[in-house]
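First comes the structure, then the notes that go with it.
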Amino acid sequence: MATLPYIKTQPKLIFFTDFDGTITVDDSECRRDLVTDAFREMLGSIKTPYDQCIETLLKNMKLDPFFEKFYYWAKENNVPIVILSSGMKPIISALLERFLGHTPAEHLTIVSNDVTSRDGKDINSEGGWQITYHDESHFGHDKSLEIKPYAALPEGQRPILLYAGDGVSDLSAAAETNLLFAKQGKDLVTFCERRGMPYTTFENWSTILSTTQDILSGKVSPSDVAK
Numbered sequence: 000m001a002t003l004p005y006i007k008t009q010p011k012l013i014f015f016t017d018f019d020g021t022i023t024v025d026d027s028e029c030r031r032d033l034v035t036d037a038f039r040e041m042l043g044s045i046k047t048p049y050d051q052c053i054e055t056l057l058k059n060m061k062l063d064p065f066f067e068k069f070y071y072w073a074k075e076n077n078v079p080i081v082i083l084s085s086g087m088k089p090i091i092s093a094l095l096e097r098f099l100g101h102t103p104a105e106h107l108t109i110v111s112n113d114v115t116s117r118d119g120k121d122i123n124s125e126g127g128w129q130i131t132y133h134d135e136s137h138f139g140h141d142k143s144l145e146i147k148p149y150a151a152l153p154e155g156q157r158p159i160l161l162y163a164g165d166g167v168s169d170l171s172a173a174a175e176t177n178l179l180f181a182k183q184g185k186d187l188v189t190f191c192e193r194r195g196m197p198y199t200t201f202e203n204w205s206t207i208l209s210t211t212q213d214i215l216s217g218k219v220s221p222s223d224v225a226k
């Protein structure tokens with residue numbers, strides 16, 4: 000149990016979530032439909048200094064306005080939030096910090112790909128940065144690997160595990176949890192229908208918040224909510 004950081008506060012529920020298109024209002028990248036090599040090639044063509052890329056993204060990306068309320072509710076109710084993203088950790092951190100007005104608290108963890116300097120260059124120089132993938136999987140990050148140790152916990156030690164996402168890279172993670180929140184009108188709903196995977200849809204994080212509150216209080220169970 001000491002090796003599983005998200006249960007150190009003995010939460011009754013852990014909330015895992017995608018970032019792009021799930022916490023953000025619009026999916027910021029076409030990565031979901033690209034294999035890793037193609038994505039790496041696309042990023043390799045970006046010569047803009049990293050700090051300028053960050054600033055451009057901050058100007059053009061927006062977060063779901065209801066996520067902030069969920070974030071503070073989770074903090075007050077001992078619900079760890081774990082962001083599992085095929086994006087880049089520094090960008091996610093910068094967006095959350097600007098949106099919240101402060102560095103995210105310890106109850107929120109980001110597990111994602113990262114950024115390093117290229118060929119010893121200054122990361123903020125032209126062509127000076129590159130993406131470092133979290134693992135060798137198809138999307139550069141197999142999100143299910145982060146959830147499996149918690150799903151494998153014995154009855155009585157295993158918290159309720161929830162997941163929110165919108166695309167195909169979320170399927171493996173969703174299969175490890177008690178309930179999937181699939182973004183309305185997005186690819187994940189289609190994939191769930193094809194595979195017969197239980198899910199519930201959400202339009203924004205106000206739906207996720209109210210449903211998660213009901214699950215945590217025992218008013219409903221994950222199986223009650225799933226289609």
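Numbering of the sequence shown is given in numbering that gives the first Met the number 0, commencing with residue 0 and proceeding in unit increments. Ideal Cβ positions, reconstructed from N, Cα and C, are used throughout, including at glycine.
Return the bridge partner residues of residue i from the DSSP annotation.
{"i": "A181", "result": "G164 and T200"}
{"i": "L56", "result": "Beta-bridge pairing links L56 to no other residue."}
{"i": "S112", "result": "The amino acid occupying residue 112 in the given sequence is Asn; Ser does not appear at that position. Answer by DSSP bridge pairing, in chain order: M87."}
{"i": "I159", "result": "L12"}
{"i": "T131", "result": "D113"}
Just checking my contact of residue i with residue j at CB under 8 Å: how many whole Å lie between their CB atoms?
{"i": "F65", "j": "W204", "result": "4 Å"}
{"i": "L107", "j": "I80", "result": "5 Å"}
{"i": "V224", "j": "L178", "result": "6 Å"}
{"i": "G164", "j": "L187", "result": "6 Å"}
Mind checking residue i: buried by the 16 CB within 10 Å criterion, or exposed?
{"i": "C29", "result": "The predicted position of C29 is uncertain, since its pLDDT is 42 and thus under 50; a value taken from the coordinates is nonetheless stated next. Answer is exposed; the Cβ neighbour count stays below 16."}
{"i": "S216", "result": "exposed"}
{"i": "S227", "result": "Here the chain has residues from 0 to 226 only, and residue 227 is not among them."}
{"i": "K68", "result": "exposed"}
{"i": "L3", "result": "exposed"}
{"i": "Y71", "result": "exposed"}
{"i": "A104", "result": "exposed"}
{"i": "A172", "result": "buried"}
Quick one: what does DSSP say residue i is sitting in, helix, strand or coil?
{"i": "I122", "result": "coil"}
{"i": "L234", "result": "Examination of residue 234 is not possible in this model, given that the chain is present from 0 through 226 alone."}
{"i": "T210", "result": "helix"}
{"i": "V231", "result": "With the chain covering 0 to 226 only, the question about residue 231 has no answer from this structure."}
{"i": "T189", "result": "helix"}
{"i": "I146", "result": "helix"}
{"i": "L107", "result": "strand"}
{"i": "L99", "result": "helix"}
Tell me whether residue i counts as near the ligand HEM, meaning its Cβ is closer than 6 Å to at least one heavy atom of that ligand.
{"i": "T176", "result": "What this structure holds is no ligand at all, so the ligand HEM is not there to describe."}
Should the stretch 65-78 be called in touch with the stretch 216-225, which here means at least 3 C-beta pairs below 8 Å? no
So, does the stretch 80-99 touch the stretch 107-114, judging by three or more C-beta pairs under 8 Å? yes
Does the stretch 51-65 come within contact of the stretch 180-193, defined as at least 3 CB pairs closer than 8 Å? no
Should the stretch 167-183 be called in touch with the stretch 115-126, which here means at least 3 C-beta pairs below 8 Å? no
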